[in-house]
Amino acid sequence: MANCCLENSESKALLDKLDEVIDKYKDTAGPLIPILHEAQGIYGYLPFEVQLHISERLGIPLADVYGVVTFYTGFNTKPKGKYVINVCLGTACYVKGSENILDRFKTTLGIDIGDCTEDQIFSLEACRCIGSCGLAPAVMINDDVYGNVSPDDVESILANYQL
Amino acid sequence: MADCNRKIDNVEQLNEIRERMKEKLKPRFEEGAAIHILLCGVAGCLSTGSLKIYEEMDRLIKESGKEKDIQLVSTGCMGLCAQGPLMVVYPDRVMYTHVKPEDVEEIWNSHILGGKPVERLFATESDGRKVAHALDEHSFYTKQLKIALKNCGVINPLSIEEFIGVDGYKALATVIKEMDPEEVVDLIKASNLRGRGGAGFPTGTKWAFAASQLERKKFVCCNADEGDPGAFMDRSVLEGDPHSVLEAMAIAGYAIGSDQGYIYVRAEYPVAVKTLNEAIKQAREYGLLGKKILGTDFSFDVEVRLGAGAFVCGEETALMTSIEGNRGEPKPRPPFPAVKGLFGQPTILNNVETYATIPRIINMGVAWFNSIGTEGSKGTKVFAVGGKIRHTGLVEVPMGTTLQDIVFGMCGGIPKDKAFKAAQTGGPSGGCIPAIHLDTPIDYENLIALGSMMGSGGLIVMDEDTCMVDLAGFFLHFTVDESCGKCTPCRIGTKRMYEILSKITDGKGEVEDVDRLNVLARNIKNSALCGLGQTAPNPIISTLRYFEDEYMAHILEKTCPAGVCKSITKFFIDKETCKHCGICKKHCPVAAISGDRKTDFVIDQEACIKCGECFKRCPFNSVLHH
Chain A
16 MANCCLENSE SKALLDKLDE VIDKYKDTAG PLIPILHEAQ GIYGYLPFEV
66 QLHISERLGI PLADVYGVVT FYTGFNTKPK GKYVINVCLG TACYVKGSEN
116 ILDRFKTTLG IDIGDCTEDQ IFSLEACRCI GSCGLAPAVM INDDVYGNVS
166 PDDVESILAN YQL
Chain B
2 MADCNRKIDN VEQLNEIRER MKEKLKPRFE EGAAIHILLC GVAGCLSTGS
52 LKIYEEMDRL IKESGKEKDI QLVSTGCMGL CAQGPLMVVY PDRVMYTHVK
102 PEDVEEIWNS HILGGKPVER LFATESDGRK VAHALDEHSF YTKQLKIALK
152 NCGVINPLSI EEFIGVDGYK ALATVIKEMD PEEVVDLIKA SNLRGRGGAG
202 FPTGTKWAFA ASQLERKKFV CCNADEGDPG AFMDRSVLEG DPHSVLEAMA
252 IAGYAIGSDQ GYIYVRAEYP VAVKTLNEAI KQAREYGLLG KKILGTDFSF
302 DVEVRLGAGA FVCGEETALM TSIEGNRGEP KPRPPFPAVK GLFGQPTILN
352 NVETYATIPR IINMGVAWFN SIGTEGSKGT KVFAVGGKIR HTGLVEVPMG
402 TTLQDIVFGM CGGIPKDKAF KAAQTGGPSG GCIPAIHLDT PIDYENLIAL
452 GSMMGSGGLI VMDEDTCMVD LAGFFLHFTV DESCGKCTPC RIGTKRMYEI
502 LSKITDGKGE VEDVDRLNVL ARNIKNSALC GLGQTAPNPI ISTLRYFEDE
552 YMAHILEKTC PAGVCKSITK FFIDKETCKH CGICKKHCPV AAISGDRKTD
602 FVIDQEACIK CGECFKRCPF NSVLHH
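The listed protein sequences derive, respectively, from chains A and B.
Under this note's numbering, the first residue of the first sequence is numbered 16, with each subsequent residue one higher.
Under this note's numbering, the first residue of the second sequence is numbered 2, with each subsequent residue one higher.
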């Protein structure tokens, strides 16, 4: 899917959107990171072809674009699942045992950090503090935040997303 | 664009709005006929369902046709996050905690209509008592002094008029109408305000450097890249009182001669980003940002830039490199940003809390500000108190308050009567403060002397069940992960330290490892390029200083006293005290526990993954570890 994402007609619309974004930021000082943010919003991740296109349109060497994409953990070069599970490993959550929650997600879903389930429904991430320290330990699935989570809650939390 | 008519052209118009809004906001500050129902709509409270509560209350108000007399307001953080969602009914000042959507009708019928507050939803004190007026009576609030957080939880962050009603943009008007830029810089200098982002550099001095540069283009930046795990002060200010930051940035722009500001904010804070953008839009509509502010020749605008998940971007030169669109790698200093910063121009960078403090200093005066705090640290500091603590939340206290006061006096101490072991401040750059130093007044100098640092304000409390070696490893792992890779001491040095530490927590450490850690720590401290690298060894240095015995237990006895380090911990069930209740068996995720009413409960050591659930769940403390 990634290889043809800039070619078929269906993807033409996405490309047009990307070009709109590039035009919007063209004259902004330091346009690359805002463009990458919006491009990731359009494609869900930043496939090689998208990086190449941005590089050509901005006249920034591809190596630099790639360098920026891989520097920041917020940018992904691999597609993600429909639901992204972020287990908070910030200090407040860590001292309250969030690693055990992460372990339980790993065993329950059978995937490791950074991976996506085969059906593309869930991907698992560990993140640094989502600022919900009052609810520690916390887990965020897309925009939903679950607080005071214990490993035993993992299955029932996942059930909310499994139809 | 259609709202050009809202533009405020002069100070008189600003004063008019202030007077009108002061009248409207009266119930929240003094008496008033109208009822104002304030609901925390951010952070923890939002996550636990405050939006549904808002909708339910909104429905009841609309159905009753009392929209004129009853105002419902979604506010920023009220602080007592542990008991959220929080609601305060004014002018009674009654605070409700743990509010659920199904409680709303009872609050409506009993309190709003009937005048009888709902007791069961009052805030809980540390001793279990219920208090009706938590803001005035609860120990969590009574010892606080709010400067940076003054408006958080009291106004609607999305309403610029409410902000103006609590003296918002008054300081900006004073500054640009009545003061020279040099006077503003001198005032900030005289206030002795120090940066709240970590190192505590004097803000006025920073401004003076930038002001003295002759370049025509200068920048004002705000560091809202709150990367320190376990800290959410800046988030709360941005979500609860964004205009204070904008106002202060404009004041800074006037003082140093800049017309452009940038706020660099974490992409992980979507609500803060949305709130900021909305606030900027309103400020432009009202002519408080943009060209010719309040009819003067001063112009200033602000743009939001999103981070993309790199801790190092909290370092000032890295942050600017990132705004320029590059990998966020720090640069050697000098040249300092005040001379050559963003896009090569003179730039000042201050943190969110520092900015939020500035308008108050101008409104209340330097003498007032200097009367708060300690000799070297004036004013207040916001702390995000988390970890093993009863009242998790956000507190703002005068500098010089002791850790004892914060942890036990205000935040209710440790749950389940466990023993306090240490508090960690300053995040991955800081260190921990053990129980013997609980009485030290907190200020910049004292924390440095204890081997920690103020940092941005994360304060994580740890009890007897926290392993300090494991904690040091946690922070070091963070640094290894987040090291930008530019300089060798940080990139390779922290990795080597982490490997040594892992060896120790795996029970394979030797006594010499402690010396190796000390040598590496010293070398990294002396040779890393940026502040984050130089402070990366701090968690190790400080845990070694206060908890060497724990390191030695791991190395010599191959045991983890707290039962955290999995490879050297074994859990077992004490037959003598076991009551055969079966709770441990039920909660074991890998079914490693066997036993029933008649036979002894036993943990199969082969199958056990050492998650510690049985230990935590056992009501009779019959699960032990060594």
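Glycine included, C-beta positions come from ideal geometry on N, C-alpha and C.
Remember, it's a predicted structure, so these values are computed and weren't measured experimentally.
Three-state secondary structure assigned by DSSP to residue 138(A): Note: residue 138(A) maps to strand in three-state DSSP.
Rounded straight-line distance, which links the Cα of residue 28(B) to that of residue 38(B): Inter-residue distance for residue 38(B) and residue 28(B) is about 10 angstroms (C-alpha atoms, whole angstroms).
Local Cβ density within 10 Å of residue 627(B), reported as buried at 16 or more and exposed below that: So residue 627(B) ends up on the exposed side.
Cβ distance (whole Å) where residue 486(B) is taken to contact residue 454(B) below 8 angstroms: Not really, about 24 angstroms apart at Cβ, beyond 8 angstroms.
Residue 490(B) versus 529(B), 213(B), 433(B), 107(B), residue with shortest Cα-Cα distance: Proximity to residue 490(B) across 529(B), 213(B), 433(B), 107(B) peaks at 529(B), based on C-alpha coordinates.
Proximity test, Cβ basis, 8 angstroms: residue 27(A) and chain B: No, because no Cβ of chain B sits closer than 8 angstroms to the Cβ of residue 27(A).
Whether residue 506(B) touches residue 495(B) by CB criterion (8 angstroms): Not a contact, by the Cβ cut-off of 8 angstroms.
Cut-off 7 angstroms between Cβ atoms - residues of its own chain near residue 209(B), not counting five sequence neighbours on either side: Hits under 7 angstroms: 186, 190.
Coil, strand or helix - residue 175(A) by DSSP: Looking at residue 175(A) - three-state DSSP - the assignment turns out to be coil, as it is neither helix nor strand.
Neighbour list for residue 307(B) in chain A, Cβ cutoff strictly below 8 angstroms: Chain order gives the chain A residues near residue 307(B) as 48, 49, 52, where near means a beta carbon separation below 8 angstroms.
Amino acids of chain B, ordered along the chain, whose beta-carbon sits closer than 8 angstroms to that of residue 115(A): Near residue 115(A) (Cβ distances below 8 angstroms), the residues of chain B are 612, 613, 614.
One or two residues paired with residue 223(B) in a DSSP bridge: Answer is 264(B), 351(B), bridged to residue 223(B).
Under 8 angstroms between C-beta atoms of residue 254(B) and residue 221(B): The answer is yes: Cβ separation under 8 angstroms.
Positions along the segment 569-594 of chain B whose CB lies within less than 8 angstroms of some CB in chain A: Flagged, chain order: 588, 590.
Simplified DSSP assignment, three categories, for residue 422(B): In the structure shown, residue 422(B) sits in a strand (DSSP, three-state: E or B).
Whether residue 609(B) touches residue 592(B) by CB criterion (8 angstroms): No; because the gap between Cβ atoms is not below 8 angstroms, this pair is not in contact.
Simplified DSSP state of residue 43(B), which is helix, strand or coil: Three-state result, residue 43(B): coil.
Simplified DSSP state of residue 79(B), which is helix, strand or coil: Residue state, collapsed to three classes: coil.
Residue-chain proximity (residue 86(A), chain B), Cβ-Cβ < 8 angstroms: Residue 86(A) counts as touching chain B.
8 angstroms CB neighbourhood of residue 61(A) in its chain, flanking five on each side removed: Excluding the 5 residues flanking it on each side, residue 61(A) has same chain C-beta neighbours closer than 8 angstroms at 51, 54, 55, 84, 90, 91, 92, in chain order.
N- and C-terminal bounds of the beta strand (DSSP E) containing residue 307(B): Going by DSSP, residue 307(B) is part of the beta strand (DSSP E) stretching over 302-307.
Burial state of residue 2(B), where buried means 16 or more other Cβ atoms lie within 10 Å: Note that residue 2(B) scores a pLDDT of 43, beneath 50, so its modelled location is shaky and nothing firm can be said.
Rounded separation between residue 110(A) and residue 150(A) - CA only: So the two alpha carbons sit approximately 13 angstroms from each other.
DSSP three-state assignment for residue 372(B), whether helix, strand or coil: Residue 372(B): coil per DSSP, three-state reduction.
Assumed close pair residue 44(A), residue 344(B) - CB separation to whole angstroms, cut-off 8 angstroms: The pair is a contact, with the Cβ atoms about 6 angstroms apart (cut-off 8 angstroms).
Chain B within 8 angstroms of residue 83(A), Cβ atoms only: Yes, contact with chain B.
Of the residues 537(B), 434(B), 305(B), the one placed nearest residue 546(B), counting alpha carbons only: Residue 546(B) has its Cα closest to that of 434(B), out of 537(B), 434(B), 305(B).
Selected residue, minimal CA-CA separation from residue 1(B), among 108(B), 447(B), 363(B), 215(B): Residue 1(B) lies beyond the residue range present for chain B, which begins at 2 and ends at 627; the question has no answer from this structure.
Straight-line Cα distance separating residue 18(B) from residue 162(B): Residue 162(B) and residue 18(B) have their C-alpha atoms some 7 angstroms from each other.
Residues of its chain near residue 81(A), where Cβ-Cβ distance is below 7 angstroms and the 5 sequence neighbours each way are ignored: Non-local beta-carbon contacts of residue 81(A) in its own chain, meaning distances under 7 angstroms to residues more than five positions away in sequence, involve 66 in chain order.
The beta strand (DSSP E) enclosing residue 392(B), as first and last residue numbers: Counting along the chain, residue 392(B) falls outside any beta strand (DSSP E), and DSSP gives it neither H nor E.
Contact belief for residue 152(A) with residue 112(A) at Cβ below 8 angstroms, rounded distance in angstroms: The pair is a contact, with the Cβ atoms about 6 angstroms apart (cut-off 8 angstroms).
Pair within 8 angstroms by beta-carbon distance, residue 304(B) and residue 531(B): No, the Cβ-Cβ distance between residue 304(B) and residue 531(B) is not below 8 angstroms.
is_contact[residue 328(B), chain A] using C-beta, thresh 8 angstroms: Yes, because at least one Cβ of chain A sits closer than 8 angstroms to the Cβ of residue 328(B).
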